[in-house]
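Protein chains: 2
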Amino acid sequence: MDRSLIKDAKQNIDKSVNIMGRVMNARLLSNVSFLQVQDYTGTIQTVWEKPVEVKVGDAIEIIGTVRADERAKGGCEILGQEIKVLSTSIEELPIDLAKKDLNLQLTTLLDQRALSLRHPKVQAIFKLYDLLLKYYGQAMRVNSFTEIKTPKILGACSEGGANFFKIKYFDQSAYLAQSPQLYKQIMVGVFERVFEIGSTFRAEPHFTTRHVNEYISLDAEMGFINGFEDVATMLNKVLVEIFAGLKEEGAQFLAMYGEAGEILLPEKIPMVKLAEMKKIIKEKYDYAIPDTTDIDPEGERLAGRFAREEVNSDFIFLTHYPWSGRPFYTMPCADSPEETCGFDLIYRGVELATGGQRIHEYDKLIANMKKKGIKPDGMEHYLEVFKFAMPPHGGWGMGSERLIQQLLGLGSVKEAILFPRDVKRLCP
Amino acid sequence: MDRSLIKDAKQNIDKSVNIMGRVMNARLLSNVSFLQVQDYTGTIQTVWEKPVEVKVGDAIEIIGTVRADERAKGGCEILGQEIKVLSTSIEELPIDLAKKDLNLQLTTLLDQRALSLRHPKVQAIFKLYDLLLKYYGQAMRVNSFTEIKTPKILGACSEGGANFFKIKYFDQSAYLAQSPQLYKQIMVGVFERVFEIGSTFRAEPHFTTRHVNEYISLDAEMGFINGFEDVATMLNKVLVEIFAGLKEEGAQFLAMYGEAGEILLPEKIPMVKLAEMKKIIKEKYDYAIPDTTDIDPEGERLAGRFAREEVNSDFIFLTHYPWSGRPFYTMPCADSPEETCGFDLIYRGVELATGGQRIHEYDKLIANMKKKGIKPDGMEHYLEVFKFAMPPHGGWGMGSERLIQQLLGLGSVKEAILFPRDVKRLCP
C-alpha cells in the first residue's frame with residue numbers, strides 16, 4: 001500500500017491510508033489511545049481502540065481509516081488499525097517534547113538542539129525561516145534582481161575592518177567574509193540589480209541576545225538610483241511582499257506566537273533623520289543617547305517605541321548617520337558632508353537592516369578612504385572597477401535570523417538559528 | 429520623466445522613453461550611430477542620426493522614441509534624441525567587451541573578472557546560474573522540502589576527514605564545513621525533508637578543470653525512504669523540473685552556447701551498477717579503470733559516452749560503489765555488504781551529484797565507524813541523535829557550478845563561478 005500524506009487525509013475520508021511519520025504526542029489509556037503523528041506535510045490525530053505499544057518520538061508506519069471529525073484539527077482523524085514502529089528511541093528522551101512549551105534555559109535548548117528542534121513551537125520558527133528565504137528570493141526576482149553567490153574566503157581583510165576570522169589557506173593566510181559588500185557592488189556593474197543569500201562571519205566577541213558570529217545575510221544592491229531613498233523604497237516593497245507571504249503561508253506558525261507574530265508594516269515605513277530622532281527620544285522619553293555612539297541599543301528601542309506609539313508601525317527608517325561612523329564606501333550627503341546618504345531599518349526597536357547609497361566615482365572613493373585613513377591593500381580589484389563607469393548605486397544588508405527573532409519576540413537571536421555559533425559555542 | 433525599462437519598449441512604440449543603462453557596443457559613423465544599451469531587464473539597439481560622444485562601457489541616460497523595426501531583436505529600436513553620460517571609464521578598458529567572443533586565457537578572464545563578467549556571453553553563464561538557484565528552490569518546495577541553513581564553522585573535523593580549512597576561532601580552533609552532511613541528517617529527524625543551498629569548503633590542493641576550493645552545494649535529505657532508489661528518483665524529478673525551467677526562462681542564454689546548451693535528460697535516468705559499468709567500459713571502449721580507484725575521470729567520461737550513445741541521455745546513475753571508498757554514514761547493501769546503497773550521478777562524463785541511503789540505527793553506525801577506524805571525537809552530537817528514532821533516510825549533494833559548467837561545455841568550472849577560489853587564487 002502506497003504512502004499517503006497527512007495533508008491529503010481530508011481527501012480520503014472513509015478510505016484506508018498508510019501514514020508514515022513521528023509520534024509527537026501519545027495518550028495511552030486502557031481502552032482507547034490517541035497518537036499525534038507528524039509527517040513532512042502536517043500533523044494528524046490517530047485514535048486506537050486497542051492497546052498500542054509506542055513511545056513519543058518513535059518513527060512509525062500505520063494503516064488506518066480516515067474519518068471526518070469536526071472537533072479535530074483539519075476536520076478529520078484516523079482510526080488506527082495496524083501500527084509498525086520503524087525506529088524507536090534506545091534511551092529516554094532528555095527533554096519532554098510532548099509538553100506544550102519547552103520552557104528550557106537557552107543553554108539547554110541549544111545543547112539539546114538536535115532534539116529540541118523537534119518540538120512544534122521550535123519547528124514553527126524554522127518553518128517561518130524557510131518561508132522568509134522563499135519570499136525574499138521571490139520578491140527580489142519579481143523586481144528583476146539576479147541572484148549571485150560571492151566568495152566567503154577572502155585574500156585580505158577588506159572593508160578596512162577588524163573582526164575577521166583568519167584561515168590557514170594552503171601556504172597563505174585568508175579571511176572569512178564579513179559581508180558580500182565589495183562583490184555585490186562590483187556586480188552592479190554587471191547586472192545592475194543583484195541579491196545574495198549568504199553566510200556571513202563576524203569575529204566580534206559579543207555576549208548579547210542579538211549577536212552571533214555566523215549568520216545568513218539577505219543582501220541586495222541596485223544601480224541607477226537617484227538617492228538612498230530609492231534603496232529604502234525597494235527594501236520597503238520587498239518587506240511588504242515577504243510579510244504578506246509569511247502571513248498567508250505561515251499563519252499557523254505565527255499563531256503559535258500570539259501577539260508577537262502580528263505584523264505592523266506600513267506600505268510606506270516612516271523615515272526620520274537620526275539627529276531628529278535623538279531629539280525626539282530626549283524630549284519624549286527623557287533619554288540622552290551617549291555621545292560616544294551614533295545610537296545605542298536603548299536609543300533603538302525607544303525609536304521603535306516611538307514608531308509603534310506614534311505611527312502604528314513596527315518599522316522605522318533612521319537616516320543620515322554621521323560620516324564618522326559609516327564605512328568608507330558610504331556616500332556622504334551632498335549638502336551636509338558630515339552626514340551620509342544611508343539608513344538603518346529598526347524593527348521593533350532593533351536594527352534589522354543597514355543600507356544606503358555608495359560612492360561610485362573612483363576619485364571620490366579614494367579621497368574618502370584617505371580621509372578615513374584606510375589603506376587600499378587587498379582591495380585593489382574592488383577599487384579598479386570604479387574606473388570603469390559604475391552607475392550611482394546602493395543597497396542593503398539584512399539579518400535574516402533577526403527578522404524572525406523580532407517577528408516572534410524570541411529572547412535571543414540564537415533561537416532563530418538552527419545551530420548557532422557564539423564565542424563559546426561551536427557545537428552542535 | 430520616469431525611467432522606462434528596456435523589456436517594456438515594445439509596449440511603448442512611437443512613444444518617448446527615458447532609458448538608463450550601459451553601452452554594450454557602439455558603431456559611431458559620420459552621419460548615423462548605433463549604440464547597444466543594456467539595463468537590468470534587457471538589451472536594445474538605439475539609433476542616433478546625429479553625432480554622439482560616448483564610449484563602450486559608459487553608464488548613460490537617454491531620451492528617445494521607440495519605433496517598430498522587424499529586423500531588430502525584440503521587434504523595436506529607439507531613435508535617440510538626448511544622451512547624458514552618467515558615468516564613464518577614466519582608463520581604457522583592458523579587455524574588448526564589444527567583441528562577440530572574449531577568447532581570453534582563463535587566467536586573464538579571472539584576473540579581469542570585474543570587467544569580463546560584463547561580457548554578454550559571460551553574463552549568460554550567471555543568468556543561467558541564477559535560474560538554477562531559482563528552480564532548485566522551487567522544485568524542492570514543490571516536493572515539500574523545508575529550506576535550512578546549517579553552520580559553516582565547525583568545532584571539529586567531522587566526517588572523519590582530512591581536507592578541512594582551519595580557522596582561528598577566538599581562543600579555539602575551528603574548521604570550515606566540507607558539506608552540510610551531518611546537520612542535514614539531524615534535520616531529517618525534525619522536518620523529514622530538508623534542502624540547503626550553501627557554501628562548501630574543500631582544502632584539497634587540486635589543479636583540475638573541475639575542482640575549486642569553495643563552491644555552492646545543492647543538498648537535500650529525506651526520510652522514510654525504501655532504499656536509495658527513492659533518493660535517486662527524487663533527484664531525477666528535481667532535475668527534470670530545473671532543466672525545464674532553464675530551457676524555458678533561459679532559452680536566450682542557452683542559445684549563446686549552441687549545441688552545448690542542449691538538454692538530454694530523460695524522465696528516468698538510466699541506472700547501472702558500477703561493477704557492471706566497469707565491464708562495459710572494458711569491453712566497449714577497451715579501457716581498464718585502475719584498481720586503485722572506484723572509478724577515475726576517464727571512466728566517468730566513458731560512462732557518460734555510453735549513456736549518450738546507447739540511451740540518448742546526458743545523465744547516468746552509477747550505483748553500488750564499494751564500501752571501502754564511501755563515507756562512514758553510507759548504508760551498506762543488505763545482501764552484499766561490500767557494496768553500498770548509493771550512487772553518483774554522471775552528467776556528460778563528470779560526477780555532478782553523490783547520494784544514497786544513510787545508516788539510521790545507532791549501533792550499526794557505531795559499528796561501521798569502528799570498522800572504518802573513524803573516531804567519534806567531535807561528532808558526539810551527531811551520533812547522539814541516532815539514539816532517538818531516526819527514520820530510514822538518504823539524500824544527495826550536487827555541485828551547482830558543475831551543473832552549469834557541463835550544461836554549457838565550459839572548459840573549467842571556474843568559468844561558472846563569479847569569483848572562484850583555487851590553491852593560488854584568493855582574489856578578486
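So the protein lines, in turn, are chains A and B. When you line the first sequence up against the numbering used here, it's residues 1 to 428, in that order. When you line the second sequence up against the numbering used here, it's residues 429 to 856, in that order. Note that the Cβ used here is the ideal one computed from N, Cα and C, for glycine as well.
#### Entry: Option nearest Tyr563 (chain B) by Cα separation, candidates B:Phe671, B:Leu543, B:Gly492, B:Thr516
Taking the first residue of the second sequence as 1, we reach residue 563 (chain B) at position 135. The shortest C-alpha separation from Tyr563 (chain B) is found at B:Phe671.
### Task
Say whether the region 672-689 of chain B touches the region 726-733 of chain B, bearing in mind that this needs 3 or more beta-carbon pairs closer than 8 Å, one atom from each stretch.
In the pairwise beta carbon analysis, the region 672-689 of chain B is classified as not touching the region 726-733 of chain B: fewer than three pairs are separated by under 8 Å.
### Task
Would you please verify whether the beta carbon of Pro391 (chain A) is less than 8 Å from any beta carbon of chain B?
Your numbering for residue 391 (chain A) matches position 391 in the first sequence. So yes, Pro391 (chain A) belongs to the interface.
### Query
Using a Cβ cut-off of 8 Å, which residues of the region 113-124 of chain A contact any Cβ in chain B, in chain order?
Per Cβ criterion, the list reads Arg113, Ala114, Leu115, Leu117, Arg118, Gln123.
### Task
Have a look at A:Phe328, A:Phe34, A:Gln172 and flag the residue whose alpha-carbon is nearest the alpha-carbon of Lys372 (chain A).
Start at 1 with the first residue of the first sequence, and residue 372 (chain A) comes out as number 372. Of A:Phe328, A:Phe34, A:Gln172, the residue nearest in Cα terms is A:Phe328.
### Message
So, under 8 Å CB-CB, Leu410 (chain A) and Leu352 (chain A) are touching, yes? Tell me the CB distance rounded to an integer number of Å.
### Response
As a first step, residue 410 (chain A) is located in the first sequence; it is residue number 410 there, counting from the start. As a first step, residue 352 (chain A) is located in the first sequence; it is residue number 352 there, counting from the start. Between Leu352 (chain A) and Leu410 (chain A) the Cβ distance is about 14 Å, and since that is not below 8 Å, they are no contact.
### Query
What are the residues of the region 741-774 of chain B that lie near chain A, defined by any Cβ-Cβ distance shorter than 7 Å?
Hits within the stretch: zero.
### Query
Between Gly57 (chain A) and Ser89 (chain A), which are expected to be in contact by the criterion C-beta below 8 Å, what is the C-beta distance as a whole number of angstroms?
Taking the first residue of the first sequence as 1, we reach residue 57 (chain A) at position 57. Taking the first residue of the first sequence as 1, we reach residue 89 (chain A) at position 89. Contact holds; Cβ gap of about 5 Å.
### Message
Here's the rule I'm using: 16 or more other beta-carbon atoms within 10 Å means buried, otherwise exposed. How should Gly626 (chain B) be labelled?
### Response
By one-based count along the second sequence, residue 626 (chain B) stands at place 198. With 16 or more neighbouring CB atoms inside 10 Å of its own CB, Gly626 (chain B) falls in the buried class.
### Query
Nearest to Val465 (chain B) by alpha carbon, out of B:Trp476, B:Asn459, B:Met759?
Residue 465 (chain B) sits at position 37 when you count from the first residue of the second sequence. Closest in alpha carbon position to Val465 (chain B), among B:Trp476, B:Asn459, B:Met759, is B:Trp476.
### Query
Distance, Cα to Cα, Phe652 (chain B) vs Val841 (chain B)?
For the purposes of this step, residue 652 (chain B) is taken as residue 224 along the second sequence, with counting starting at 1. For the purposes of this step, residue 841 (chain B) is taken as residue 413 along the second sequence, with counting starting at 1. In a straight line, the C-alpha of Phe652 (chain B) is about 35 Å away from that of Val841 (chain B).
### Message
Looking at the strands, I want to know which residues DSSP matches up with Phe743 (chain B).
### Response
Walking along the second sequence from the start, residue 743 (chain B) turns up at place 315. Note: Phe743 (chain B) sits in a beta bridge opposite B:Tyr775.
### Query
Taking 8 Å as the CB-CB limit, is Ser840 (chain B) close to chain A?
Numbered from 1 along the second sequence, position 412 holds the residue referred to as residue 840 (chain B). No - not a single Cβ of chain A is within 8 Å of the one on Ser840 (chain B).
### Message
Determine whether the beta carbon atoms of Thr574 (chain B) and Lys127 (chain A) lie at a separation below 8 Å.
### Response
Counting from one through the second sequence, the residue named residue 574 (chain B) turns up at place 146. Counting from one through the first sequence, the residue named residue 127 (chain A) turns up at place 127. Lys127 (chain A) is positioned such that its CB atom lies closer than 8 Å to that of Thr574 (chain B).
### Task
Determine the contact status of Tyr287 (chain A) and Arg621 (chain B), defining contact as a CB-CB distance below 8 Å.
Along the first sequence, read from residue 1 onward, the residue named residue 287 (chain A) stands at position 287. Along the second sequence, read from residue 1 onward, the residue named residue 621 (chain B) stands at position 193. 8 Å or more divides the Cβ of Tyr287 (chain A) from the Cβ of Arg621 (chain B).
### Query
Counting only runs that start and end within the region 158-208 of chain A, where is the alpha helix (DSSP H) found for 4 or more residues in a row?
Correct list: 181-191.
### Task
Find the nearest neighbour of Asp722 (chain B) within the set B:Arg736, B:Asp772, B:Glu669, judged by alpha-carbon distance.
Translated into positions along the second sequence, residue 722 (chain B) becomes position 294. The residue among B:Arg736, B:Asp772, B:Glu669 with its C-alpha nearest the C-alpha of Asp722 (chain B) is B:Asp772.
### Query
For His206 (chain A), does the count of other Cβ atoms within 10 angstroms reach 16, so buried, or fall short, so exposed?
Numbered from its first residue, the first sequence carries residue 206 (chain A) at position 206. It counts as exposed.
### Task
Would you verify that the beta carbon of Gly429 (chain B) is, or is not, closer than 8 Å to some beta carbon of chain A?
For this step, residue 429 (chain B) is matched to residue 1 along the second sequence. With the sequence shown as reference, residue 429 (chain B) is identified as Met, and Gly is not the correct amino acid for it. It does not: the Cβ of Met429 (chain B) has no partner Cβ on chain A nearer than 8 Å.
### Query
Enumerated in chain order, which unbroken segments of the alpha helix (DSSP H) with a length of 4 residues or greater are wholly contained in the region 686-746 of chain B?
DSSP runs (the alpha helix (DSSP H)) wholly in the region 686-746 of chain B: 702-713, 725-739.
### Task
May I ask you to report which of helix, strand or coil DSSP gives Ala244 (chain A)?
Along the first sequence, one-based indexing puts residue 244 (chain A) at 244. Ala244 (chain A): helix per DSSP, three-state reduction.
### Query
When the distance is taken between beta carbons, is Met429 (chain B) closer than 8 Å to Ile491 (chain B)?
Taking the second sequence and counting its residues from 1, one reaches residue 491 (chain B) at position 63. Taking the second sequence and counting its residues from 1, one reaches residue 429 (chain B) at position 1. Cβ atoms of Ile491 (chain B) and Met429 (chain B): closer than 8 Å.
### Task
Round the Cβ separation of Ser607 (chain B) and Ser645 (chain B) to the nearest angstrom and send it over; I've been treating them as touching at under 8 Å.
Reading the second sequence from its first residue, position 179 is the one you call residue 607 (chain B). Reading the second sequence from its first residue, position 217 is the one you call residue 645 (chain B). Indeed, because the Cβ distance is near 6 Å, the residues count as touching under 8 Å.
### C-beta contact flag for Phe165 (chain A) and Tyr597 (chain B) at 8 Å
As a working note, residue 165 (chain A) is residue 165 in the first sequence. As a working note, residue 597 (chain B) is residue 169 in the second sequence. Between Phe165 (chain A) and Tyr597 (chain B), the CB-CB gap stays under 8 Å.
### Message
Tell me which residues share the same chain as Ile581 (chain B) and place their Cβ nearer than 8 Å to its Cβ, disregarding the 5 neighbours each side in the sequence.
### Response
Here the question's residue 581 (chain B) lines up with position 153 in the second sequence. Ile595, Tyr597, Ala602, Tyr603, Leu604, Ala605, listed in sequence order.
### Task
Anything in the region 166-177 of chain A with a Cβ closer than 8 Å to a Cβ of chain B? List those residues in chain order, please.
Under the 8 Å Cβ criterion, the region 166-177 of chain A contributes Lys166, Ile167, Lys168, Tyr169, Phe170, Gln172, Ala174, Leu176.
### Query
Going along chain A, which residues have a C-beta under 7 Å from Asp714 (chain B)?
Position 286 of the second sequence, counted from the start, is the residue given in the question as residue 714 (chain B). Neighbours of Asp714 (chain B) in chain A, taken as residues at a C-beta separation under 7 Å, are lacking, since the least C-beta distance is about 39 Å.
#### Entry: C-alpha distance - Thr661 (chain B) paired with Lys696 (chain B), whole-angstrom precision
Locating residue 661 (chain B) in the second sequence gives position 233, counting from the first residue. Locating residue 696 (chain B) in the second sequence gives position 268, counting from the first residue. The alpha-carbon atoms of Thr661 (chain B) and Lys696 (chain B) are separated by roughly 8 Å.
### Task
Determine the direct distance from the alpha carbon of Lys675 (chain B) to that of Leu560 (chain B), and round the result to whole angstroms.
As a position in the second sequence, residue 560 (chain B) is number 132, starting the count at 1. As a position in the second sequence, residue 675 (chain B) is number 247, starting the count at 1. If I take the Cα positions, the gap works out to 11 Å.
### Query
Going by DSSP, what residues sit across from Pro522 (chain B) in a beta bridge?
The count along the second sequence starts at 1 and reaches residue 522 (chain B) at position 94. Answer is none; Pro522 (chain B) lacks a bridge partner.
### Message
With three or more C-beta pairs closer than 8 Å as the rule, is the region 259-279 of chain A touching the region 374-394 of chain A?
### Response
Cβ pair count under 8 Å is below three, so no.
### Query
Looking only at DSSP bridge pairs, what is His821 (chain B) linked to?
If you number the second sequence from 1, residue 821 (chain B) lands on position 393. Bridge partners of His821 (chain B): B:Gly651.
#### Entry: Strand pairing of Leu154 (chain A), partner residues [DSSP]
What you label residue 154 (chain A) is simply residue 154 of the first sequence in a count that begins at 1. Its beta-bridge partners are A:Tyr175.
### Query
Cα separation between Asp422 (chain A) and Thr200 (chain A)?
Locating residue 422 (chain A) in the first sequence gives position 422, where the first residue counts as 1. Locating residue 200 (chain A) in the first sequence gives position 200, where the first residue counts as 1. Here the C-alpha atom of Asp422 (chain A) lies approximately 13 Å from the C-alpha atom of Thr200 (chain A).
#### Entry: Status (buried if at least 16 other CB within 10 Å, exposed otherwise) for Pro750 (chain B)
One-based indexing of the second sequence puts residue 750 (chain B) at position 322. Looking at its Cβ environment, which holds fewer than 16 other Cβ atoms inside 10 Å, Pro750 (chain B) is exposed.
### Task
Determine whether the Cβ of His211 (chain A) lies closer than 8 Å to any Cβ atom of chain B.
Counting from 1 along the first sequence, the entry for residue 211 (chain A) is found at position 211. Residue contact check for His211 (chain A) against chain B: no CB pair falls below 8 Å.
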